[in-house]
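**Q** There's a structure below that I have some questions on.
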């Protein structure tokens, strides 16, 4: 890790998706899905922050909101001291050179009608970087860097395997030489053997190019492998945040504990106690009052306070934050 | 050791491809046994043929473009399923052998209430009256852990979550108390906390109902937790079989070994994941010789030239001495070569 | 007036045959080509359309007589088909075959150009509305709603009533400008689905502007409804033009168009049916062929079935 300077700082990020609109499409909406409901965190230069949670917790929306691929409703996002949310369209386009994204679906993240060469050239063309010859050289170098043969430049996405397509997606994200990369479930759609290859590639790239990652995933084992610090999300809020080792070994929030115990370990010799949560995830359009997790929380000290008072994300031990009234006595 | 409940021998299911690329040999000579009451894991990555194998067992493969070759044998309680008339086959499906699919949303009809869909199997196979079937359905919904079943029985699929729907699917599959349940990636589409619930449910039901379970999955964690014996598939063939304990402790086939070294583990972070170089070949062009040889860390000339047979290895003194371990690899004949590992 | 006209006509038919067979041979190499030619009338449709197009192009060489010149006012009025006049003569003593061929030039080109205009506008409006959403989408779609609600024939009649003698260009423009509403809805629907696909979001992430994204990412991937609209649209437009011309509002005499040919010969239906029948048959044949091709294309290109990718 580098000088510890903050590269990314997110404060009170909010994004609600309205449900249905009245009056021919021009009127007010009838309620909202609170996808991101007040999220704050920061990432130091050279660090990997893992953002985990189950489906619907808002982690993907958070990642996209930071890059303004989805317009947040409130909050601030600073990347390298630039106030991203207040940029005008042209400035935003410029800023995009420094922060990029890699998507989950290797089949959907490439235009089926464009060759690899065209897909990789596009960011360079948009930002007018280099002559045609220089671009061609840059494309070749990028392909090699992500572990592909330069001859793949002429291929169409459907001619490549899932792992290869994902590598192209990574190459495209690196074309503009960004400092900050949001990775939205980059290996979830890949087979185990290919997943390992791509994870290794991402580690290497991070080191060689001194990148900062926001690694969004639902697979806790994968995140454990690559993240320095981890944030756990539930119903649009961060419920725990801390260094990876500490969080995984001594979680402070009951949801984190439950999540960790639900992950199966690929080793029959390891017997662990499974903490199985009852019930289903509440709807993000009507989250429970008080602590959002209280409806499923197995904590023995759960009481009226949990039902009425929403716990703030507070520091429990140095560097470890949790949003639970009873975080001092974890499960 | 008792007799196998289900016995598959040399199953071959091929598909004619549309783009004129020849024949896809999705399942190319698969054999395994399933004993009463056990959980058998059918493990492999995408393209290995495990789902097609499962569909072939109940002859659910669309024909055309697929078809099960003559010479394949699927014996259930002594009868060859591939020789049954459509009527006899229908009697087996649902009542004796049932199946649960991966996507609960896609497997339930959105315009019918879940109660009606679950009852349907009971009405068809056990000839129960509507009322009796409904009572049975209520029982099953409770058994699979659906809260407030009396109300939920009249719900439509879109009103339930993924985890609930998967439970409904399981209820539907089990209402006739089949002897075999085939679960094709039942937890892949679900969140990990819901996955844990479903896995626990399947274990409980198996114990209570005494049925055999074929669990198809790519998730080695789920395998370690729930499965008694494992069949590992690659490129349309079985490449290794063993008890779960043996497989994880001491894998014989380089593919299994590679997989185990590629899976990130919660309890062992930061070691560099090995990965397996290359990618799964297409079913229209399996490599010559050993199908895994282009990606294997131990390949030598023999592997390129000849495909190894499935070797048996009985491990004396183990608890499960009755079951033979098998692995399709020349290393079992030339174990010295294991020291020549090259990346 | 060329003596070899019959020979050249047959030559055109033969070329059309060869072209269609070659198209089929090449087409079935691709999955969508095979699905296309599985349609019962698909091949026939291609053959028919190609034939008519070739004949139209070669009009001066496949006809013996000029289309609008009365020949022998008395002797050749309403003559039945004969060797010299394969389709007979009409009430004004003009060669029907000649008028049919020259008329096809008008009908086909009005059809093609008006369709092109309609589909282009429709695709652009649909793509912009679907991609930009919000206020722009709402406004554009309300316009489309109005456009679809008003019966097209009234719009056209209103327009043509304002002109005494409608120039062809204006006819094309009017038909085109009243025919894009349906296409825009279809394209918009596809675009709404497409814009959430990750490669479109990726294009924004690398800094693309909406115009570029629509042109390079959206439109190339929504070609299916556009192409199908186009194929089915020509037939529609041709019928419209024929109808207008029949009523006297479209193509003005003496320029032949299949529509006004039918009008001219309508009074003689009992005594000299050929002057009405043949243009009627021609319209029926061409429009049916175009519809067959359009239908076959729609099924062949259906994205649900046309899945590039692997097992």
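Protein chains in written order, with our numbering: chain A, 1 to 331; chain B, 1001 to 1343; chain C, 2001 to 2311. We put the beta carbon where it would ideally sit given N, CA and C, even for glycine. Only a predicted model underlies this, so the values are computations on that prediction, with no experimental measurement involved.
If we define contact as Cβ-Cβ less than 8 Å, is residue 2030 of chain C a contact residue for chain A?
**A** no
**Q** Please specify which runs of the alpha helix (DSSP H), each continuous and at least 4 residues long, are wholly inside the region 226 to 276 of chain A, giving them in chain order.
**A** Counting only runs of 4 or more, we get 244 to 249 and 254 to 262.
**Q** Secondary structure at residue 1312 of chain B, three-state DSSP: helix, strand or coil?
**A** strand
**Q** Check whether the Cβ of residue 1024 of chain B lies closer than 8 Å to any Cβ atom in chain A.
**A** no
**Q** Using CA coordinates, which residue listed in A/304, A/32, A/98 and A/12 is at the minimum distance from residue 178 of chain A?
**A** A/98
**Q** Would you report the Cα separation of residue 2274 of chain C and residue 2219 of chain C, rounded to the nearest angstrom?
**A** 46 Å
**Q** Is there at least one Cβ from chain A nearer than 8 Å to residue 2181 of chain C's Cβ?
**A** no
**Q** For residue 1024 of chain B, which residues in the same chain have their Cβ closer than 7 Å to its Cβ, ignoring the five residues on either side in sequence?
**A** 1014, 1015, 1017, 1283 and 1284
**Q** Consider the Cβ of residue 54 of chain A: report whether some Cβ of chain B lies at a distance smaller than 8 Å.
**A** Output row for residue 54 of chain A: interface = yes.
**Q** Show which residues of chain A have a CB atom less than 8 Å away from the CB atom of residue 1204 of chain B.
**A** Among the residues of chain A, none has a CB under 8 Å from the CB of residue 1204 of chain B; the nearest is roughly 11 Å distant.
**Q** For the pair the region 68 to 87 of chain A and the region 193 to 201 of chain A, tell me if three or more CB-CB distances fall below 8 Å.
**A** no
**Q** Can you tell me whether residue 1339 of chain B is buried or exposed, with buried defined as 16 or more other CB within 10 angstroms of its CB?
**A** exposed
**Q** Mapping DSSP to helix, strand and coil, what is residue 99 of chain A?
**A** strand
**Q** State the beta-bridge partners of residue 18 of chain A as determined by DSSP.
**A** A/32
**Q** So, does the CB of residue 101 of chain A fall closer than 8 Å to a CB anywhere in chain C?
**A** yes
**Q** Within the 8 Å Cβ cut-off, does residue 104 of chain A reach chain B?
**A** no
**Q** Please state the DSSP three-state secondary structure of residue 314 of chain A.
**A** Here DSSP, grouped into helix, strand and coil, assigns residue 314 of chain A to strand.
**Q** Using a Cβ cut-off of 8 Å (strictly closer), state whether residue 1276 of chain B contacts chain A.
**A** yes
**Q** Would you identify the three-state DSSP class for residue 1075 of chain B, choosing helix, strand or coil?
**A** Strand at residue 1075 of chain B.
**Q** Runs of 4 residues minimum, wholly inside the region 2076 to 2156 of chain C: which ones carry the alpha helix (DSSP H) assignment?
**A** 2096 to 2132 and 2134 to 2149
**Q** Mapping the DSSP letters down to three states, classify residue 329 of chain A as helix, strand or coil.
**A** coil
**Q** Starting from residue 1099 of chain B, trace the beta strand (DSSP E) in both directions and tell me its first and last residue.
**A** 1097 to 1100
**Q** Please identify the residue among B/1195, B/1102 and B/1143 whose C-alpha is closest to the C-alpha of residue 1221 of chain B.
**A** Out of B/1195, B/1102 and B/1143, the CA that lies nearest to the CA of residue 1221 of chain B is found in B/1195.
**Q** On the premise that residue 232 of chain A lies in contact with residue 255 of chain A, defined as a C-beta separation below 8 Å, what is that separation, rounded to the nearest angstrom?
**A** 7 Å
**Q** One question on the structure: do residue 287 of chain A and residue 34 of chain A come within less than 8 Å of each other, judged by their Cβ atoms?
**A** yes
**Q** I need the DSSP call for residue 1010 of chain B, collapsed to helix, strand or coil.
**A** strand
**Q** Check distances from the C-beta atoms of the region 1184 to 1198 of chain B to those of chain A and list, in chain order, the residues that come in under 8 Å.
**A** 1191, 1192, 1193, 1194, 1195, 1196 and 1197
**Q** Taking the straight line between their C-alpha atoms, what separation do you get for residue 320 of chain A and residue 2133 of chain C?
**A** 42 Å
**Q** Determine, using beta carbons only, whether residue 2189 of chain C comes closer than 8 Å to chain A.
**A** no
**Q** Determine which residues share a DSSP beta bridge with residue 1240 of chain B and list them.
**A** Its beta-bridge partners are B/1232 and B/1327.
**Q** Taking 8 Å as the cut-off, does the region 1151 to 1166 of chain B touch the region 1109 to 1117 of chain B (at least 3 CB pairs, one atom from each stretch)?
**A** yes
**Q** Hey, which unbroken runs of the alpha helix (DSSP H) at 4 residues or more fall wholly within the region 138 to 217 of chain A?
**A** 162 to 174 and 192 to 209
**Q** So, does the region 2218 to 2234 of chain C touch the region 2133 to 2150 of chain C, judging by three or more C-beta pairs under 8 Å?
**A** no
**Q** Taking 8 Å as the CB-CB limit, is residue 122 of chain A close to chain C?
**A** Yes, its Cβ sits closer than 8 Å to a Cβ of chain C.
**Q** When the Cβ atoms of the region 2082 to 2089 of chain C are set against those of the region 2191 to 2204 of chain C, are three or more pairs found closer than 8 Å?
**A** no
**Q** Would you say residue 2207 of chain C reaches chain A, if we count a Cβ-Cβ gap shorter than 8 Å as a contact?
**A** Yes, residue 2207 of chain C lies at the interface with chain A (some Cβ there is under 8 Å from its Cβ).
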